[in-house]
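Each remark here refers to the structure printed beneath this line.
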Ligand code: IPD
């Protein structure tokens, strides 16, 4: 079967549809949150579903809603979603248009009522992320992007704001000036946690107070949602986000949004080292998309001696010389 041609006009129409769908999904996420918080508040939890049941129920319901509506409108497009994947549906990646969706990204936040939760709705085409919609219904923040075009943040009913919000983008002389997002992830085994916390310690630690290799970054943040970390890097509120262990549906939409805001995305230290001097650096290949190791750096203002991408490479190099590689489990 011939692969449908996705023109910019076609992507714009898909964006309109997926934005409306993300907002509808957002209402369901808020309903789920109310249900979960009322269980937590209730003394008589036995009479109701517990919060774990409710999280699973709403994860599945949101994914079903999105999957059904997308299939109705785009019957020829494929679908990869976190819940379908967990349930055993694992189609191989092809060149065909494929929606790549995390119905509720930030599940731990969702359980706790920490309002950094979103639906992350991405589209892959010819094995590359080409469209992204990230909607946080708690804050009513909508991030959108189409490959090759600018990305936007829409707050509430306001006008879309071009990303990054700082224009021109701010400089970034070194990691010591950076606000960095990292995540603890779900693998809390001895090896992973020791290695990760060692890396976090070096990023935050003061070399003048005996932290060997310390970068003394401005600070570290863990927002609890990979998609929102990407969105915040696109916005310019975070300088860099690094994580080992996420999945394509966590990052697909965020990659497009970050790129459209002048950000750069690549994979592991090895991938960075082997691609950073090539012309295709910044191309998020299938290997990077499925490699479960991601780093994204915001747009950096050009200086006389350095272009934006040179500055981004300098920051990634400094970063990877400070952290230990860990396996994605
Ligand atoms: C997770 C969140 C979390 C990140 C994990 C993701 P989920 O997605 O994005 O911040 O650290 O790698 O898997 O489970 O909340 O959909």
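In the working numbering, the protein residues as written are 55 to 383.
All C-beta atoms in this analysis are idealised placements derived from N, C-alpha and C, irrespective of residue type, glycine included.
Spatial distance of residue i from residue j (CA atoms)
i           : j           : result
residue 158 : residue 236 : 19 Å
residue 336 : residue 182 : 12 Å
residue 123 : residue 117 : 10 Å
residue 185 : residue 113 : 22 Å
residue 382 : residue 247 : 12 Å
residue 385 : residue 264 : A query on residue 385 cannot be resolved here, the shown segment of the chain reaching from 55 to 383 and no further.
residue 331 : residue 216 : 29 Å
residue 368 : residue 229 : 10 Å
residue 121 : residue 300 : 21 Å
residue 220 : residue 145 : 40 Å
residue 107 : residue 93  : 11 Å
residue 362 : residue 316 : 8 Å
residue 225 : residue 255 : 24 Å
residue 258 : residue 91  : 34 Å
residue 78  : residue 190 : 12 Å
Residue i - containing alpha helix (DSSP H), residue span
i           : result
residue 385 : Outside the displayed range of the chain (55 to 383) lies residue 385, so it cannot be described from this structure.
residue 114 : 105-127
Limits of the beta strand (DSSP E) - the one that residue i falls within
i           : result
residue 187 : 182-190
residue 247 : Here residue 247 belongs to no beta strand (DSSP E); instead the alpha helix (DSSP H) covers 244-258.
residue 266 : Counting along the chain, residue 266 falls outside any beta strand (DSSP E), and DSSP gives it neither H nor E.
residue 297 : 294-298
residue 139 : It is not in any beta strand (DSSP E) - residue 139 instead sits in the alpha helix (DSSP H) that spans 136-140.
residue 155 : 152-159
residue 174 : 172-179
residue 207 : 206-209
Status (buried if at least 16 other CB within 10 Å, exposed otherwise) for residue i
i           : result
residue 298 : buried
residue 151 : buried
residue 283 : buried
residue 163 : buried
residue 104 : exposed
residue 178 : buried
residue 213 : exposed
residue 101 : Note that residue 101 has pLDDT 48, beneath the 50 cutoff, so the model's placement of it is unreliable and no number is given.
residue 87  : buried
residue 294 : buried
residue 140 : exposed
residue 340 : exposed
residue 195 : buried
residue 266 : exposed
residue 201 : buried
residue 126 : exposed
residue 84  : exposed
residue 269 : buried
Closer than 8 Å: residue i CB and nearest the ligand COA heavy atom
i           : result
residue 281 : Among the ligands modelled here, namely the ligand IPD, the ligand COA does not occur.
Nearest-angstrom beta carbon gap, residue j and residue i [assumed within contact, 8 Å]
i           : j           : result
residue 249 : residue 380 : 5 Å
residue 350 : residue 310 : Contact doesn't hold; Cβ gap of about 11 Å is too wide.
residue 76  : residue 234 : Rounded, the Cβ-Cβ distance is 27 Å, inconsistent with contact.
residue 168 : residue 278 : 7 Å
residue 314 : residue 199 : 4 Å
residue 187 : residue 292 : Going by Cβ atoms, the distance from residue 187 to residue 292 rounds to 19 Å, so no, they are not a contact pair.
residue 321 : residue 347 : 5 Å
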